[in-house]
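What follows is a set of notes on a single structure, which appears directly below.
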Amino acid sequence: MTHQSERPAAPKPKAKAGQSARTTIAVQGARVHNLKNISLEIPRDRLIVVTGLSGSGKSSLAFDTIYAEGQRRYMESLSSYAKRFVAQVAKPDVDFVFGLSPVISIEQKTLTNNPRSTVGTMTDIASYLNLLFATIGHAHCPRTGEPAPSRSASQILEAILSLPAGTEIELRAPVFKVYGEDLDYVFTELRKKGCRRVIVDGTSVDIASQLQLDEASVQDMEAIVDRFVVNRKHERAIKAGIAAALLVGDGLLQVHVVAGASQAEAEKFYRALSSATHHFVYADIGPSYFVFNDPESACRTCGGLGVDKLTHPSC
Amino acid sequence: MGGTVHQRFSAALDDLVEQIKEDRSILAVILCGSLSHDTVWAKSDIDLVLVTIDDKKVDPGDIALYADGVNVHALLMPRAKFRATVEGSVTNSFMHSFLAKGRLLYTHDPSIAQLCGHLSAIGDRDTQFQLLNAGTSALACIHKAHKWFVTRADLDYTALWILYAATPLAQIEIISRGLLADREVVPQAAALNPEFFKVIYTEMLNAEKTTRGVHAALDAVDAYVGERADLLFAPIVEYLQDAGEARSASEIETYFTRQFNISGVTTACEYLADQGRIGKASIAARLTKRSNADVQELAFFCAGGSENPPLR
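Each protein sequence line maps, in turn, to chains A and B.
Its first residue numbered 20, the first sequence is counted upward by one per residue in the working numbering.
Its first residue numbered 379, the second sequence is counted upward by one per residue in the working numbering.
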């Protein structure tokens, strides 16, 4: 961060018309509110922090001078018809401001103290970032961090149908405990979604039965959603099975070759479709994957708040 | 006569199944109901589950068919829904029992045969919640029976409430033995525990009601539930132990209704409190969201954990 203090010296504009773009924003003769005819030059394309004592004119400079001038200039570019619908901004009391781009102002609001409200959510920038991540992001295996491909449900279906006819496959959905949930709750929810068998750390268990599992030691779980014998005539059923598995796995599934295909065929299938170790494949990553206020996509440690409180062992 | 009716129904079913086999949108036919596991009579119908392809144009639902003079109730179920029903239904629930007692007549999809094979496995976790459901239902009827016996000495009405309790008590008898409960569960249970069901069912139904007989039936019912209370109501005790503090009746009801579709658990809590297994308390509550005064709501707790005395 750079700290730019208020300086009385007049700045010298560096760039002339036709030359390279300005690298600073120059303010001369600012007299808004508490500002005493000050002039200063602020570097562009940098993160600038304006600090100072209360009442020293920080907000007057940032909001009431620089932002107000930028907004006024933008408004002037609009037609008089459009101006009727937008609140007019008064011209700030300043001699001139050089080097302004279109401006956005995010004002500090202290009315609410909700930790789930951020600059991103207040400005909707978070929503656009979510969309950006969903569009251009590269997915990774949630367990190993290896690259995991993203395929549409139709592509997954075609990949399955490319296996030799008669191959037995299982559609599995990875299951994760969301922050604060226990296994009993997770299994009850899985039953409601129509699953009875779960692979817990490599062992198949029947969740309709009482299980003696150590909650803390359970690492990996996959619900067995459906099982098929690959054949073109079962295409509709497999398609519905993929949809069901994606519903259980929140957009992530695993196609497990059970029997009927050679080791080489299975390996080729896994390589083409899924991640290396756990054979996961994502389907159509959506913006909702990146919403930190949604328990399904939030960080499992902090629940999306960015703070993790622990009791110190010595206390 | 019975054999003739059975033959007529079987012949009608065979013809119908041959017709359905030609239908490419039907993946499997499962025979359920009386013809698959019970005795049919002239007024019976044939219950079929037809597993259909998963297609937007194939609507689930049921249809009344007519095959060679026999009524057929056909339930159309897309394969995905059938799978979710088989895997997701709590074992010994009505739907599970209906399918589990069925017979797969044919299928074009081998995975459906595998799914049907899973139906016979009864999970003990599911059993626990089915027992709680049956136990809670029985307690409500038993409570009413006691009330009418004590307050009015009305033997007929007391006997009626005992008979109402016979069905959930029969479910307890069957489910606790790890068996599949029929729709007609009382005769099934009476065959396994004739002594008990003679007192609370046959005699309440057929014999003249005397104070001694009705009292004996009430005692038998109380003893039957009391002996099994640890098993029947274990989920409630575990829930309160995990909570580690008092939970209001509405919280307890909400939890068991949402999680396991079991309502009326407060009755079971009252029973457990009467037995000294859990504690009874009250928690401040507001009657409406706009209430400006607190009232005390019924609550229960399990303070002692595993140190609590066993149920009497």
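C-beta atoms are modelled at their ideal positions from N, C-alpha and C, and glycine is treated no differently.
- In terms of beta-carbon proximity, A/Asp-245 lines the interface with chain B, with at least one pair separated by less than 9 Å.
- DSSP, read as helix, strand or coil, puts A/Asn-133 in coil.
- Annotation: the continuous alpha helix (DSSP H) that includes A/Arg-92 extends over 87–95.
- Relative to A/Ala-256, the option among A/Thr-296, A/Phe-288, A/Ser-173, A/Ser-98 whose CA is nearest is A/Ser-173.
- Inter-residue distance for A/Gly-76 and A/Asn-56 is about 11 Å (C-alpha atoms, whole angstroms).
- Per DSSP, reduced to three states, the secondary structure at A/Gln-231 is coil, with no helix or strand assignment.
- Going by DSSP, B/Thr-589 is part of the alpha helix (DSSP H) stretching over 589–610.
- Interface with chain A (9 Å Cβ-Cβ cutoff): B/Phe-638 is included.
- The contact set of B/Pro-488 on chain A, defined by CB atoms closer than 7 Å, consists of Val-248 in chain order.
- In this structure, the beta-carbon distance from A/Leu-176 to A/Glu-254 falls below 9 Å.
- A/Leu-202 is outside the set of residues whose beta carbon lies under 9 Å from a beta carbon in chain B.
- Look at the beta carbons and you see the segment 151–165 of chain A not touching the segment 310–321 of chain A: under three pairs across the two are nearer than 8 Å.
- Excluding sequence positions up to five before and after A/Asp-245, its CB lies within less than 7 Å of the CB of Leu-190, Gly-260, Ala-263, Ala-264, all in the same chain and listed in chain order.
- Using a Cβ distance threshold of 9 Å, B/Ala-595 and B/Ala-516 do not count as a contacting pair.
- Remark: C-beta atoms of B/Val-464 and A/Arg-210 do not approach each other more closely than 9 Å.
- Judged by DSSP secondary structure, A/Thr-140 falls outside any beta strand (DSSP E) and instead within the alpha helix (DSSP H) spanning 138–142.
- Our two residues, B/Ser-471 and B/Gln-549, have alpha carbons roughly 11 Å apart in a direct line.
- The beta carbons of B/Leu-426 and B/Pro-438 sit no closer together than 9 Å.
- Annotation for A/His-275: the continuous beta strand (DSSP E) segment containing it runs 271–278.
- The secondary-structure analysis by DSSP pairs B/Cys-410 across a beta bridge with B/Asp-425.
- Chain B has a Cβ within less than 9 Å of the Cβ of A/Lys-211.
- Beta-bridge partners of B/Asn-449 (DSSP): B/Tyr-444.
- A/Leu-324 sits in coil when the DSSP states are folded into three classes, being neither helix nor strand.
- No Cβ-Cβ contact shorter than 9 Å links B/Val-436 with B/Leu-391.
- B/Pro-456 belongs to the set of residues whose beta carbon lies under 9 Å from a beta carbon in chain A.
- A straight-line Cα-Cα distance of about 35 Å links A/Glu-200 and B/Val-429.
- The C-beta of A/Gln-231 has fewer than 16 other C-beta atoms within 10 Å across all chains shown, which makes the residue exposed.
- Judged by their CB atoms, A/Glu-88 and A/Lys-110 are nearer to each other than the 9 Å cut-off.
- Among the CB atoms of chain B, none fall inside 9 Å of the CB of A/Arg-319.
- Residue range 657–663 is occupied by the beta strand (DSSP E) that includes B/Ser-660.
- Neighbours of A/Cys-160 across chain B, judged by C-beta separation under 9 Å, do not exist; the nearest C-beta is about 26 Å away.
- In this structure, B/Leu-650 lies away from B/Lys-587, with their beta-carbon atoms at least 9 Å apart.
- Residue burial is scored here from C-beta neighbours: A/Gln-107 has fewer than 16 other C-beta atoms within 10 angstroms and is therefore classed as exposed.
- A/Pro-111 carries a coil assignment under DSSP once its states are collapsed to helix, strand and coil.
- Listed as beta-bridge partners of A/Arg-170 by DSSP are A/Ala-302.
- Neighbours of A/Ala-263 in chain B, taken as residues whose beta carbon is under 9 Å from its own, are Ala-458, Arg-461, Ala-462 in chain order.
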